[in-house]
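**Student:** For reference, each letter of the sequence shown is one residue, going 3 to 567 in the working numbering.
Built from N, CA and C at the ideal position, the CB exists for glycine as well.
A quick note: this is a predicted structure, and the numbers were derived from the prediction, not measured.
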Amino acid sequence: MTITVTNQKPAVLDALHTISCTGDYDPMPAVQKVLIDPLLEPLNPSAPASITDGSGKDITADVQGLILRCLGDSMDPNAEKTAKELLGQTMVNYDQGTPLPVGELFAVQAGQRNKWPAPSARVLYTAQNDVIPAAKGLLAGSADESAFFASVAYAYHPNTLGFWFQSSAAFDGFKIWLSQQVQSMAGANIMPPDTLRLLNDFANLSLKGLTESLLLRKDDSDGNEEFSFARLVIRMLMNYVEQQRKQTSTGQPPAVIDTGIMPFTLGELFCPRSLVLVNVEAHARATSTKVTTEWNLINQSLASPVKVVSNASLSKLTSLPRAAAKAAAMGAKQQPGQPGSRSAQVKFRKQPPSKLDLFKDITRVLRRMGKVNKSQNIYRTTKTTFLKANRRNPDDFNKPGRITSVQYMPDLHIYIDTSGSISEENYQEAVLMLIRIAKKLNVNLYFNSFSHILSQETLLKVENKSTRQIWQEFRKVPKVTGGTQFKQVWDYINASPKRKRQLSLMITDFEWSPPSRREEHPANLYYAPCSAMDWKYMVRSAEDYANAMQHIDASIRQKLLGMVI
3 MTITVTNQKP AVLDALHTIS CTGDYDPMPA VQKVLIDPLL EPLNPSAPAS ITDGSGKDIT
63 ADVQGLILRC LGDSMDPNAE KTAKELLGQT MVNYDQGTPL PVGELFAVQA GQRNKWPAPS
123 ARVLYTAQND VIPAAKGLLA GSADESAFFA SVAYAYHPNT LGFWFQSSAA FDGFKIWLSQ
183 QVQSMAGANI MPPDTLRLLN DFANLSLKGL TESLLLRKDD SDGNEEFSFA RLVIRMLMNY
243 VEQQRKQTST GQPPAVIDTG IMPFTLGELF CPRSLVLVNV EAHARATSTK VTTEWNLINQ
303 SLASPVKVVS NASLSKLTSL PRAAAKAAAM GAKQQPGQPG SRSAQVKFRK QPPSKLDLFK
363 DITRVLRRMG KVNKSQNIYR TTKTTFLKAN RRNPDDFNKP GRITSVQYMP DLHIYIDTSG
423 SISEENYQEA VLMLIRIAKK LNVNLYFNSF SHILSQETLL KVENKSTRQI WQEFRKVPKV
483 TGGTQFKQVW DYINASPKRK RQLSLMITDF EWSPPSRREE HPANLYYAPC SAMDWKYMVR
543 SAEDYANAMQ HIDASIRQKL LGMVI
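1. Apply the 10 Å Cβ neighbour rule to Lys86 and answer buried if 16 or more other Cβ atoms are within range, or exposed otherwise.
2. Kindly indicate which three-state DSSP category Ala49 falls into: helix, strand or coil?
3. Take the Cβ of Tyr539 as the centre, count every other Cβ of all protein chains shown within 10 Å, and call the residue buried at 16 or more, exposed below.
4. Using DSSP with H/G/I as helix, E/B as strand and the rest coil, what is Val154?
5. What's the gap between the Cα of Ala497 and the Cα of Ser306?
6. Quick check on the DSSP output: the alpha helix (DSSP H) that includes Thr365 runs from which residue to which?
7. By DSSP's criteria, Arg382 is part of a beta bridge. Which residues make up the other side?
8. Throw me the rounded Cβ distance for the Arg351 and Ile567 pair, which I believe falls under 8 angstroms.
9. Measuring alpha carbon to alpha carbon, tell me which of Arg503, Val7 and Leu68 ends up nearest Asn80.
10. Do three or more CB pairs link the segment 188 to 207 to the segment 287 to 294 at distances below 8 angstroms?
11. According to the Cβ coordinates, are Thr213 and Glu283 closer than 9 angstroms?
12. Which same chain residues end up closer than 6 angstroms to Thr384 when comparing Cβ atoms and leaving out the 5 residues on each side of it in sequence?
13. How many whole angstroms separate the CB atoms of Thr261 and Ala152, which I take to be in contact at a CB cut-off of 8 angstroms?
14. For Ser421, count neighbouring Cβ atoms within 10 angstroms of its own Cβ and tell me buried if that reaches 16, exposed if not.
15. Kindly give me the distance between the Cβ atoms of Asp196 and Cys273, rounded to whole angstroms, as I take these residues to be in contact under 8 angstroms.
16. Just tell me which of Arg237, Pro354, Lys349 and Tyr158 has its CA closest to the CA of Phe266.
17. In three-state terms, what does DSSP make of Tyr528?
18. With Asn571 and Lys463 assumed to form a contact (beta carbons below 8 angstroms), what rounded beta-carbon distance in angstroms separates them?
19. Residues in its own chain within less than 6 angstroms of Pro121 by CB, not counting five upstream and five downstream?
20. What is the C-beta distance between Pro12 and Thr100, in whole angstroms, given that I count them as a contact (C-beta under 8 angstroms)?
21. Can you find the residues in the same chain that come closer than 6 angstroms, C-beta to C-beta, to Lys401, ignoring five residues on each side of it along the sequence?
22. Look up Ala13 in the DSSP assignment and give the residues it is bridged to.
23. Tell me the rounded alpha-carbon separation between Leu88 and Ile61.
24. Put Ala391 into one of helix, strand or coil per three-state DSSP.
25. Identify which residue in Asp16, Arg519, Lys83 and Leu563 has its Cα closest to the Cα of Leu304.
26. Under 8 angstroms: do the segment 481 to 497 and the segment 409 to 420 share three or more Cβ pairs, one atom per stretch?
27. Under the three-state reduction of DSSP, which class applies to Leu268: helix, strand or coil?
28. Under the three-state reduction of DSSP, which class applies to Pro256: helix, strand or coil?
29. Would DSSP call Gly568 helix, strand or coil?
30. Leaving out the 5 sequence neighbours to the left and right, which residues in its chain are closer than 7 angstroms to Ile263 when beta-carbon positions are compared?
31. Using the Cβ count rule (16 or more neighbours within 10 Å means buried), how would you classify Ser543?
32. Take every Cβ of the segment 514 to 533, pair it with every Cβ of the segment 545 to 555, and state whether three or more of those distances are shorter than 8 angstroms.
33. Thinking C-beta only, is Leu271 closer than 9 angstroms to Leu163?
34. Following a CB-centred definition, is Phe266 positioned closer than 8 angstroms to any heavy atom of the ligand ADP?
35. Can you grab the Cα-Cα spacing for the pair Tyr27 / Gly74, in whole Å?
36. For the candidate residues Leu368, Gln471 and Val482, whose alpha-carbon lies nearest to that of Glu459?
Written out as structure tokens, the structure reads:
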């Protein structure tokens, strides 16, 4: 869609909002004030700004709906493309070609303000080269807060709402101010006892470390009562930032703003499920390893399916992962290089892949992954050498002997989509294809079927068995039916270091919409198409899936085995 914008003043968006703590929780007025009104501010006040599509239709009234479509649970590639074109024309600092989703527009705005390229497979942001220098620049006054915010957002992409404090002393200053506000509200008897108790616990927090993170809500419908802690603490933080800005602009103390907002994603800005308080000075003094570990821990906690929010005491976001880290040292993560540079250049096949095509692709991936200590995938090599005596003529030194070495390739783990869109014929064809490939590779298979639920894991042995015998064993394995949910497979793989080192292959028709937020996609998960299906339909579905996955894994096209050339 071609967007035409006329009489609009290019906007610099400000994340500051003050949603009321009374009445029903309604973030839409704040969305209108923070996002929509600045984008529609007229250049000439005598006439309104106008936005039209390629057909000349006025879509000015649809801007809010367009932005909200980009914030749903599932990625909408068409809405993303249109919204990015709109934002590229209406904002001072926005690159409409960015691979980041619209939900991270404040991060893109901060990055563009500092003239930084968007993060990608070729552009990596790290604590050592970006976060720590930006923190030092903010402390020294040589850089503004946008550089520090962009460095953290580009390096780690946390799906949360953050507030930065210049130091632990600055956070203590906020707590003193907050205590004064709480006393006045407590005197008016308008605050629930649970909220008062949680605010008192909040006053005992310390920000001497890199961060302090809290869980506010289990979901968007939680913690929305009048004067709930989730509503009140965000309102107080926003009020404090607003007050500091006003005092600094009028020459009142503090002379320098020591608190600011870090709006990592739009959804969390207006209805935060978690809150991260960031100590800039601690980041400036810390090692790069410590900074990276801290933010990886936050992302790990955000991705955890188990979140417990209590009304009796503060719920810390990273408490469970920190306890697990103390109980047992985490194993080294094997992270093979992810090819991202060719992803935009790959083309889809015009014909379905043959068994040989898939065999070549799987073999190529296995070789790239390297060797493991132990697996079901045994690889034997034999070579002649004079270092070992000949078995038949051990006394003849002119005849070489043979050395057989045993190596182990990563296990092959198959996840077959058995949702309602997959027929019995599709399932049988996919299984028979895998059996033939497994026999050719001479490897045993780990197998799960999945729909909206995941079946139990099964090990299927193929050695010294016919295709018919293996198929009969497959038929004995219960398969699940229902809807389609890929993310449960991602979570299942990520939950086990052993499964993360396997070559995981998902056989599917690609009929699933990825989430709009960032998720951890397993590094060794690849995809292959179902057999016995219309190829044009399959390619269209796979292309839609790949386009919607760009913000999660930019190299996803190269993981579509048998589909791209």
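**Tutor:** So, from the data block:
1. buried
2. coil
3. exposed
4. helix
5. 10 angstroms
6. Lys357 to Met371
7. Val408
8. 6 angstroms
9. Leu68
10. no
11. no
12. Arg404 and Thr406
13. Actually they do not touch by this definition, with Cβ atoms about 18 angstroms apart.
14. buried
15. Between Cys273 and Asp196 the Cβ distance is about 20 angstroms, and since that is not below 8 angstroms, they are no contact.
16. Tyr158
17. strand
18. The structure shown does not extend to residue 571, since the chain spans only 3 to 567, so no value can be given for it.
19. Tyr127 and Tyr156
20. About 17 angstroms separates the two Cβ atoms, so there is no contact after all.
21. Asn392 and Asn395
22. Met93
23. 11 angstroms
24. strand
25. Arg519
26. yes
27. helix
28. coil
29. Residue 568 cannot be examined here, being either before or after the span of the chain that is shown, 3 to 567.
30. Ala17, Leu18, Phe165 and Val243
31. buried
32. yes
33. yes
34. The ligand ADP is absent from the structure shown, which contains no ligand whatsoever.
35. 19 angstroms
36. Val482
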